[in-house]
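A.B. asks: Questions regarding the structure given below will be posed in turn.
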Amino acid sequence: MELKMNLNKEEFNQWLDTVKDAGKLPKDAVDKLRAMNEQRVIPLYCNRCGHNWKPRNGDPKVCPKCNSPYWNKERQNPEQRRKI
Ligand SMILES: [Zn+2]
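See below:
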């Protein structure tokens, strides 16, 4: 079984519920993973240069590599990614 650490916190918690319900992990292991999930820092990704980094606190104003203030903006066609 692989850990789905590429999921965001909410998705990871849902995945943990699935694993727990399936009896694949003991409850204390699930609780430990859930606590770890709450504390982990989600790596940020720059849409401009592709740089990945871990934020120290909150979202930065610019990408630390290319200094783009639009690192968290989609480059094009935002309509296609609009949430329902
Ligand atoms: Zn960048």
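Basically the numbering used here = 1-based index in the sequence shown + 36. The C-beta atom is built at its ideal place from N, Cα and C for all residues, glycine as well.
#1: Nearest-angstrom Cα distance between residue 56 and residue 90?
#2: I'd like to confirm something about residue 107: is its beta-carbon nearer than 7 Å to some heavy atom of ligand 1, or not?
#3: For residue 84, I'd like the list of residues in its chain whose CB is within less than 7 Å of its CB, leaving aside the five on either flank, ordered along the chain.
#4: Is residue 52 near residue 76, with beta carbons less than 8 Å apart?
#5: By how many angstroms is the C-alpha of residue 81 removed from the C-alpha of residue 110?
#6: Throw me the rounded Cβ distance for the residue 30 and residue 88 pair, which I believe falls under 8 Å.
C.D. replies: Straight from the coordinates:
#1: 29 Å
#2: yes
#3: 99, 102, 104, 106 and 107
#4: Result no, Cβ atoms of residue 52 and residue 76 do not sit closer than 8 Å.
#5: 11 Å
#6: Residue 30 lies beyond the residue range present for the chain, which begins at 37 and ends at 120; the question has no answer from this structure.
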